[in-house]
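K.L.:
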Amino acid sequence: MTNTDTEHLQSFMQTCRQRVEEALDRRLPAADKLPARLHRAMRYSTLDGGKRLRPILTYATGKALEVPFDTLDGPACAVEFIHVYSLIHDDLPAMDDDDLRRGKPTCHVQFDEATAILAGDALQVLAFETLAADPAMAVTPSQRAAMIDCLAKASGAGGMVGGQAIDLASVGLQLDLPALEMMHIHKTGALIRASVQLAALARTDRDPAVMEHLDHYAKCIGLAFQIQDDILDEESDTATLGKTQGKDQAHNKPTYPALLGLAGAKRKAREMHEQAIAALETLGEQADLLRALSLFIIQRRN
Ligand code: GRG
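Just so it is clear: in the sequence shown, position 20 is 1 by our numbering, and no numbers are missing.
#1: Under 8 Å between the Cβ atoms of His165 and Gly143?
#2: The ligand GRG and Met141: does the residue's C-beta get closer than 7 Å to at least one heavy atom of that ligand?
#3: Look up Arg174 in the DSSP assignment and say whether it is helix, strand or coil.
#4: Under 7 Å Cβ to Cβ from Gln91, same chain only, skipping five residues before and after it: list those, please.
#5: Consult DSSP for Pro159 and reduce its assignment to one of helix, strand or coil.
#6: Sorted by chain position, which residues of the same chain lie with C-beta nearer than 7 Å to Leu53's C-beta, five sequence neighbours on each side aside?
#7: For the ligand GRG, I want to know if Gln230 counts as a neighbour, meaning its beta carbon is within less than 7 Å of at least one of the ligand's heavy atoms.
#8: What's the call for Leu104, buried or exposed, on a 16-neighbour Cβ count within 10 Å?
#9: With hydrogens ignored, establish whether the beta-carbon of Gln(-1) is closer than 7 Å to any heavy atom of the ligand GRG.
#10: Give me, in chain order, the residues of the same chain whose beta-carbon lies closer than 6 Å to that of Phe62; leave out the 5 immediate sequence neighbours on both sides.
#11: Looking at the structure shown, is Leu81 part of a helix, part of a strand, or coil, going by DSSP?
#12: Using the beta-carbon count (16 or more within 10 Å), is Pro159 buried or exposed?
#13: Pro10 bridges to which residues according to DSSP?
#14: What do you reckon, is the C-beta of Met118 under 7 Å from a heavy atom of the ligand GRG?
#15: Please list, in chain order, all residues of the same chain as Arg35 whose beta carbon is under 7 Å from its beta carbon, the five residues on each side excluded.
#16: When burial is assigned at 16 or more other CB atoms within 10 Å of the CB, is Arg7 buried or exposed?
#17: Would you grab the beta carbon distance between Phe206 and Ile278 for me? Rounded to a whole angstrom, and I think it's under 8 Å.
#18: According to the neighbour-count rule (16 or more other Cβ atoms, all chains shown, within 10 Å of its Cβ), is Val152 buried or exposed?
#19: Tell me whether Pro238 sits in a helix, a strand or coil according to DSSP, three-state version.
#20: With a cut-off of 8 Å on the beta carbons, I'd call Arg229 and Asp211 a contact; round off their distance for me.
#21: For the stretch 89 to 134, list the beta strand (DSSP E) runs that are entirely contained and at least 3 residues long, ordered along the chain.
#22: Whose CA, out of Leu222, Thr(-13), Leu149, lies closest to the CA of His232?
#23: For Gly31, collect the residues of the same chain with a Cβ closer than 6 Å to its Cβ; drop the 5 residues on either side in sequence, then sort them by chain order.
#24: What residue from Thr87, Leu19, Tyr66, Asp(-14) has the CA that sits closest to Thr225's CA?
#25: Please classify Gly242 as buried or exposed, where buried requires at least 16 neighbouring CB atoms within 10 angstroms.
#26: Run the CB neighbour count on Lys249, radius 10 Å, all protein chains shown included, and call it buried at 16 or more, exposed below.
Structure follows, in structure tokens:
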């Protein structure tokens, strides 16, 4: 990737971050609206933090398919609402029991456990309300239904929640590579895949071959993202990550570096990136941002 490509990606990501920040702000309940503690917790965990990788993927897919950004604000927010809810619940004492997220105290530490559970619940519902009713989305009712179906499947027992259940059940167990992959395809990969699919669903004249290529790309970057996450958990530090570093090892969790070694995990991440790029072969230069994002995923430091 040239310097110009990197600068272009950085400026695109910055534009998307600003855009989604404003869109999230508008869709969240006001902080002083009752019940104010719940609304403050929802806003605290959602706003002003995170890489916004999933919304950026939604917008970048929109660029590749020429979908207007006004139509994508709803899907971009919906996927981020689901992501934030999952982080809040994952940090709870009953799950990962963490006190640092996005460089600040986790929701249950800043507020309390019950409020954190409710904030997660409410964000999850807000995601679907956004897809069902967002007036700025120029889509047909059947496209809306397809988007709701897509996000529900990606988030539920057959997707992210199922992956989290496998993860909780596997602590201390010796998972082999296919089992580890299966867990991550659900836990992290499903939502990343949905971030791409939601933008594609905004087009009525979908070419099934292009949809398939984009889906393959999304599956590959989903795994690459998780492998890099595991690598960073070993290589990075708490301040850079904005979350507790070294937790995987401390909790004896199965990870890619544990199974493949650090060098093997890096090779695997690179392989997934190369497969992602190959999947986009038939798409023209309008897919360059997606290509650059794939590289960003395996080179990110937080
Ligand atoms: C509790 C239903 C439920 C699901 C939890 C996604 C998840 C499932 C848990 C998060 C725990 C975790 C650290 C997973 C590894 C990969 C991951 C999703 C990291 C966080 O995503 P980033 O790096 O976070 O995109 P930011 O803060 O940048 O948005």
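All C-beta atoms in this analysis are idealised placements derived from N, C-alpha and C, irrespective of residue type, glycine included.
P.N.:
Working from what's here:
#1: no
#2: yes
#3: helix
#4: Closer than 7 Å at the Cβ level, and outside the excluded window around Gln91, lie Tyr25.
#5: helix
#6: Thr39, Tyr40, Gly43, Ala180, Ala183
#7: Not one heavy atom of the ligand GRG sits closer than 7 Å to the Cβ of Gln230.
#8: Burial check for Leu104: the Cβ neighbour count within 10 Å reaches 16 or more, so the residue is buried.
#9: no
#10: Here Phe62 has Leu104, Leu107, Ala108 as same chain residues with Cβ atoms under 6 Å from its own Cβ, once five neighbours each way along the sequence are excluded.
#11: strand
#12: exposed
#13: Paired residues: none, contrary to the question.
#14: no
#15: When the five nearest sequence neighbours on each side are left out, the beta carbons in the same chain lying within less than 7 Å of the beta carbon of Arg35 are those of Val60, Glu61, His64, Leu172, Ile173, Ser176, in order along the chain.
#16: exposed
#17: 5 Å
#18: exposed
#19: helix
#20: The question names Arg, yet the displayed sequence has Asp at residue 229. So it is a contact: roughly 7 Å between Cβ atoms.
#21: none
#22: If we check each option's Cα against that of His232, Leu149 comes out closest.
#23: Arg83
#24: Thr87
#25: exposed
#26: Label assigned to Lys249: buried.
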